[in-house]
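Working notes, structure below.
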Amino acid sequence: MSSIELKHIVKKYGDGFPAVNDVNLDIKDGEFVILVGPSGCGKSTLLRMIVGLEDITSGELDIDGKRVNDLAPRDRNLAMVFQNYALYPHLTVFENIAFPLRLQKGKHSDAEIDRKVRDASSMLELDEHLERKPGNLSGGQRQRVAMGRAIVREADAFLFDEPLSNLDAKLRGQMRTEIARMQRRLGITTIYVTHDQIEAMTLGDRVCVLKRGVLQQVASPRELYEQPVNLFVAGFIGSPPMNFLPARVDGNALKMPFVDVPLDGALAAKVKGKDVVIVGLRPEHLKDTTVESSPEHSVKFNAVVDQTEWLGNEQYAYIPYEADGAVREQLEELDRDLDGEGLRTQMIVNLDPRSRVLEGDEAQLAFNPAAMHVFDPHTGVNLTRDEAKAEEIAAESEKMRKAALERARKRDSADSEKSA
Amino acid sequence: METNVSTKTKNGLGVASIVIMIWTVIPLLWIIATSLKSTAALGDPSQNTFGNFWPKHITWDNYQLIFSGGASDLFLPALWHSIIVCVVSTVISVILATFCAYAISRLNFPGKKLILTTALAVSFFPTIAMVTPLFNLWRQIGLFDTIPGLIIPYLALTLPLSIWILSAFFQQIPWEMEQAAQVDGATSWQAFVKVVAPLAAPGVFTTAIIAFFTAWNDFVFSSNLTAQSAQTVPAALSFFTGASQFVQPTGAICAAAVVVTIPVVILVLVFQKRIVAGLTSGAVKG
């Protein structure tokens, strides 16, 4: 139970390159915070600085208001789950979980250790494996042992370093909900590093998006999705990703590859003085007008579909286009930042699964211009971000987080009364 | 483990290994056979079977000779010296090499490469070239014919090899393991003792055995740097004499050779499972 505060945290390696640059973050007691970003963005380095396995070059790290920069990992009272689990292969599952307790010499009696380990193992459904060695366990079981070793300590906070990346897709989904449930139940401050945005969106109370060591945005998953601060966050969050279309400001209209969008009052003021902007449009905001009613005030256009993918519950259509020379570089750089392969520029449309559009057909599409995000092509700033709305979302998700914690606490006390 | 070796290859390998086994076992059997022959039977095929190989009448005279007979004065102290020298030099070598190898595999410090290359260079050095200078030096400083006077050169022989083997072993142990232990509340020393050392056990046993054999089988240092009070078995064997100058002490030498081979065989049989690496499997995703 504790709050963690990062103030101007910087990590520089020998060559002077800042792997983490000026990160400020205030993690509240009981909060589930996600660090997310493409590979090499410094998220794991940041986590390892918090736990004490990496030195902090400059800045201050406080746990419960106490500066811990110079404390050794063992004195920070944090529990960590490693990407490859780092179980002790020469010890049984029981001894693996008991390991941190045995290190606190004299603090726990054998009976107490036994009780704590069995509590953790029953919570993680490891009871029948306690006498086995980690080498004989499946990936999911090893993962649970690593979690057991973390929860048995009653540490101030949990740190997870991509804990699910070694599991197969089905198990990953199960473990994800398991982690979320456990965190709510224990109400313990948690920092979770991942590159998987599904994990980030589903688990986090707040998500920190990092790019090349710099914090881009810290917000609830909903705010990230609906009100991204810049091009990078908008492109990183969402699957399939947001479409970025070059648009030319021409009098009262935005000229885009397929369609011209009339500029109304508020938007016109925001793009004033710019020739070119980048328009971001989420795939699900584009509708096939032949099977769905088009949204209000929508703009309609036709485009030739190059490829479709039908997944049962949804359907994706790919529509290639030529990127405008003026913003092409910006878009290519964004693609590189997002670990993209620099393939052709194409627009992805999330069609209704009933849609019968085939490859080579001309689709009749529509979207509401209010759903557009408009970005400055040079700075990448989101010009259409609504601060008032963002604050509203933030307040709402904070309220939901507190309610969820409260609910978990109530259920827990009800459970313990029942068992007593 | 699934292998795609065909039956034909398997049979071929089987035949080849049987040939190699016979090739290595025959000299050993011959020593045992010779140690069981009486002096008269040594050069007389009519008293032996399979040509001159196995004696028709087994005699334990040679063993009696080295344990309680005329050669016991020479053999028993030598056996005792061998055991002390080898055990002590093995223990010291393993402890020093473990610490050194751990530092080399985990820490970055100036001169790390230098230590490794020096260790390698030292082990290339012909041992016979070290004997004469050591002989002179040992006589000057009073280490000649003492047990430490043998242990020190054995350490010089075994340490480089031990350091190389052990640092390879330490490098295989994922660093996360140690970091996990530190996050779990262990000091660096606790992490080393409770996590790293048990995982490196196969490597430690391997180096211990190699260090032990190097010292146990050494003849060059022992025969030159000792006279009586620290002489080990290989050197002592060369000083065996027969009943008269016309009698070769072949039987007694063979009996002593058999006796000193036994600990080696026992060590290998006991520790062969330990030497098999792969204890780290299952620690991390693999």
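Keeping their order, the protein sequence lines are chains P and S.
Mapping to the working numbering: the first sequence position 22 is 22, numbers consecutive.
Counting from 1 along the second sequence, just add 420 to a position and that's the residue number in the working numbering.
Positions of the beta carbon are idealized from the N, C-alpha and C atoms, including for glycine.
**Request:** Note down the Cα distance separating serine 582 of chain S from arginine 118 of chain P, rounded to an integer number of angstroms.
**Result:** Here residue 582 of chain S is taken as the residue at index 162 of the second sequence, counted from 1. Here residue 118 of chain P is taken as the residue at index 118 of the first sequence, counted from 1. Going by the C-alpha atoms only, they are around 42 Å apart.
**Asked** How far does the alpha helix (DSSP H) with phenylalanine 301 of chain P in it reach, from first residue to last?
**Response** In the first sequence, the residue the question calls residue 301 of chain P occupies position 301. That residue, phenylalanine 301 of chain P, is in no alpha helix (DSSP H); its beta strand (DSSP E) goes 299-304.
**Request:** Could you please give the first and the last residue of the uninterrupted beta strand (DSSP E) stretch that includes cysteine 208 of chain P?
**Result:** Within the first sequence, numbered from 1, the residue matching residue 208 of chain P stands at position 208. It spans 206-211 - the beta strand (DSSP E) in which cysteine 208 of chain P sits, taken as one unbroken run.
**Request:** Could you give the DSSP three-state label for methionine 372 of chain P: helix, strand or coil?
**Result:** If you number the first sequence from 1, residue 372 of chain P lands on position 372. It is coil, neither helix nor strand.
**Request:** Give the residues from the stretch 589-603 of chain S that approach chain P closer than 8 Å (Cβ to any Cβ), ordered along the chain.
**Result:** Pro594, Glu596, Met597, Gln599, Ala600, Ala601, Gln602 and Val603
**Item:** valine 616 of chain S versus S:Thr627, S:Gln602 and S:Thr626, residue with shortest Cα-Cα distance
**Value:** Looking up residue 616 of chain S in the second sequence gives position 196. The candidate whose alpha carbon is nearest that of valine 616 of chain S is S:Gln602.
**Opening and closing residue of the alpha helix (DSSP H) in which tyrosine 574 of chain S lies** = Position 154 of the second sequence, counting from 1, holds the residue named residue 574 of chain S. Per DSSP, tyrosine 574 of chain S belongs to the alpha helix (DSSP H) from 567-592.
**Request:** Closer than 7 Å by beta-carbon distance: list the chain S residues that pair up with glutamine 197 of chain P, in chain order.
**Result:** Mapped onto the first sequence, residue 197 of chain P falls at position 197. The contacting residues do not exist; glutamine 197 of chain P stays about 22 Å from chain S at best.
**Prompt:** Helix, strand or coil: which one does DSSP assign to aspartate 288 of chain P?
**Reply:** Counting from 1 along the first sequence, the entry for residue 288 of chain P is found at position 288. Correct three-state label for aspartate 288 of chain P: strand.
**Asked** Along the chain, where does the beta strand (DSSP E) that runs through threonine 308 of chain P open and close?
**Response** In the first sequence, the residue the question calls residue 308 of chain P occupies position 308. That run of the beta strand (DSSP E) goes 307-310.
**Message:** So proline 618 of chain S contacts chain P; which residues on that side make the cut at Cβ distance below 7 Å?
**Reply:** Within the second sequence, numbered from 1, the residue matching residue 618 of chain S stands at position 198. In chain order: His90.
**Message:** Under 9 Å, Cβ to Cβ, is there at least one residue of chain S near alanine 72 of chain P?
**Reply:** Along the first sequence, one-based indexing puts residue 72 of chain P at 72. Yes, because at least one Cβ of chain S sits closer than 9 Å to the Cβ of alanine 72 of chain P.
**Asked** How close, in whole Å, do the beta carbons of tyrosine 493 of chain P and aspartate 306 of chain P come, if the pair is a contact with beta carbons under 8 Å?
**Response** One cannot answer for residue 493 of chain P here, as it falls past the ends of chain P, which runs 1 to 420.
**Asked** Straight-line CA distance for serine 701 of chain S to alanine 588 of chain S?
**Response** Walking along the second sequence from the start, residue 701 of chain S turns up at place 281. Walking along the second sequence from the start, residue 588 of chain S turns up at place 168. With a pLDDT of only 39 at serine 701 of chain S, under 50, the local geometry of the prediction cannot be trusted, and no value is derived from it.
**Prompt:** Do the CB positions of alanine 247 of chain P and valine 276 of chain P come within less than 9 Å of each other?
**Reply:** As a position in the first sequence, residue 247 of chain P is number 247, starting the count at 1. As a position in the first sequence, residue 276 of chain P is number 276, starting the count at 1. Closer than 9 Å, so yes.
**Request:** For arginine 142 of chain P, I'd like the list of residues in its chain whose CB is within less than 7 Å of its CB, leaving aside the five on either flank, ordered along the chain.
**Result:** The residue you call residue 142 of chain P lines up with position 142 of the first sequence. Excluding positions up to five away in sequence, the list reads Tyr85, Leu87 and Pro134.
**Message:** Using only CA atoms, which one of P:Arg212, P:Thr92, P:Ser220 and P:Asn21 lies nearest to alanine 200 of chain P?
**Reply:** Position 200 of the first sequence holds residue 200 of chain P. Ranking P:Arg212, P:Thr92, P:Ser220 and P:Asn21 by Cα distance to alanine 200 of chain P puts P:Ser220 first.
**Prompt:** Buried or exposed: which applies to isoleucine 524 of chain S, given that a residue is buried once 16 or more other Cβ atoms fall within 10 Å of its Cβ?
**Reply:** Reading the second sequence from its first residue, position 104 is the one you call residue 524 of chain S. It counts as buried.
**Short-range partners of chain S found in the stretch 104-137 of chain P, where Cβ spacing is below 8 Å** = Answer set for the stretch 104-137 of chain P: Gln104, Lys133, Pro134, Gly135, Asn136 and Leu137.
**Message:** Just to make sure I have the definition right: I need the residues of chain S whose C-beta is within less than 8 Å of the C-beta of proline 100 of chain P. Which are they?
**Reply:** In the first sequence, residue 100 of chain P corresponds to position 100, counting from 1. What proline 100 of chain P touches in chain S: Asp604 and Gly605.
**Prompt:** Residues of chain P with CB under 7 Å from valine 613 of chain S, in chain order?
**Reply:** The count along the second sequence starts at 1 and reaches residue 613 of chain S at position 193. Within 7 Å Cβ-Cβ: nothing; valine 613 of chain S doesn't reach chain P, min ~11 Å.
**Request:** Helix, strand or coil for tryptophan 558 of chain S, going by three-state DSSP, please let me know.
**Result:** Locating residue 558 of chain S in the second sequence gives position 138, counting from the first residue. Of the three classes helix, strand and coil, the one that applies to tryptophan 558 of chain S here is helix, per DSSP.
**Request:** On a CA-only basis, which of P:Arg181, P:Leu231, P:Ile237 and P:Gly213 is nearest phenylalanine 207 of chain P? Give me that one, please.
**Result:** Within the first sequence, numbered from 1, the residue matching residue 207 of chain P stands at position 207. Phenylalanine is not the amino acid found at residue 207 of chain P; the sequence shown has valine there. Measuring from the Cα of valine 207 of chain P, the nearest candidate turns out to be P:Ile237.
**Asked** Nearest-angstrom Cα distance between arginine 172 of chain P and threonine 510 of chain S?
**Response** Taking the first residue of the first sequence as position 1, residue 172 of chain P is located at position 172. Taking the first residue of the second sequence as position 1, residue 510 of chain S is located at position 90. Their Cα atoms are separated by approximately 49 Å.
**Asked** Of the residues P:Arg74, P:Ala395 and P:Asp361, which one's Cα is nearest the Cα of glutamine 610 of chain S?
**Response** Here residue 610 of chain S is taken as the residue at index 190 of the second sequence, counted from 1. For the residues P:Arg74, P:Ala395 and P:Asp361, the minimum Cα distance to glutamine 610 of chain S belongs to P:Arg74.
**DSSP state of glutamine 256 of chain P mapped onto helix, strand, coil** = As a working mapping, residue 256 of chain P is identified with position 256 in the first sequence. It should be pointed out that residue 256 of chain P corresponds to methionine in this sequence rather than to glutamine. Reduced to three states, the DSSP call for methionine 256 of chain P is coil.
**Message:** Taking the straight line between their C-alpha atoms, what separation do you get for proline 163 of chain P and phenylalanine 94 of chain P?
**Reply:** Along the first sequence, one-based indexing puts residue 163 of chain P at 163. Along the first sequence, one-based indexing puts residue 94 of chain P at 94. Looking at the two C-alpha atoms, the distance is approximately 20 Å.
**Request:** Taking leucine 203 of chain P and leucine 78 of chain P to be in contact with their CB atoms under 8 Å, please state how far apart those CB atoms are, rounded to whole angstroms.
**Result:** Counted from its first residue, the first sequence places residue 203 of chain P at position 203. Counted from its first residue, the first sequence places residue 78 of chain P at position 78. Not confirmed; about 18 Å, so no contact.
**Cβ shell of valine 381 of chain P (< 6 Å), same chain only, five flanking positions each side left out** = Indexing the first sequence from 1 puts residue 381 of chain P at position 381. Counting only Cβ-Cβ distances below 6 Å, and skipping sequence neighbours, we find Asn230.
**Message:** Which complete beta strand (DSSP E) runs does the stretch 151-219 of chain P hold, if anything under 3 residues is left out?
**Reply:** Considered as a whole, the stretch 151-219 of chain P harbours 157-161, 189-194, 206-211 and 214-219 as its complete beta strand (DSSP E) runs of no fewer than 3 residues, in chain order.
**Request:** May I ask you to list the residues that DSSP assigns as paired with arginine 248 of chain P?
**Result:** Numbered from 1 along the first sequence, position 248 holds the residue referred to as residue 248 of chain P. Arginine 248 of chain P pairs with P:Lys255 and P:Val276.
**Coarse secondary structure for leucine 699 of chain S, derived from DSSP in three states** = What you label residue 699 of chain S is simply residue 279 of the second sequence in a count that begins at 1. Model confidence at leucine 699 of chain S stands at a pLDDT of 41, short of 50, so the residue's coordinates are unreliable; what they give is reported in the following sentence. Correct three-state label for leucine 699 of chain S: coil.
**Message:** For chain S, check one thing: does any of its Cβ atoms lie closer than 9 Å to the Cβ of arginine 149 of chain P?
**Reply:** Within the first sequence, the letter at position 149 stands for residue 149 of chain P. It does: the Cβ of arginine 149 of chain P has a partner Cβ on chain S nearer than 9 Å.
**Message:** Which residues in chain P have a C-beta closer than 7 Å to the C-beta of glutamine 610 of chain S? List them in chain order.
**Reply:** Here residue 610 of chain S is taken as the residue at index 190 of the second sequence, counted from 1. Per Cβ cutoff of 7 Å: Leu103.
**Prompt:** Since valine 51 of chain P meets chain S, which of its residues come closer than 7 Å, beta carbon to beta carbon?
**Reply:** Against the first sequence, residue 51 of chain P aligns to sequence position 51. Residues of chain S passing the Cβ test: Val603.
**Message:** Between which residues of its own chain and glycine 148 of chain P is the CB-CB distance below 7 Å, once the five residues before and five after are set aside?
**Reply:** Your numbering for residue 148 of chain P matches position 148 in the first sequence. Around glycine 148 of chain P: Ile97, Ala120, Ser121, Leu124 and Leu126.
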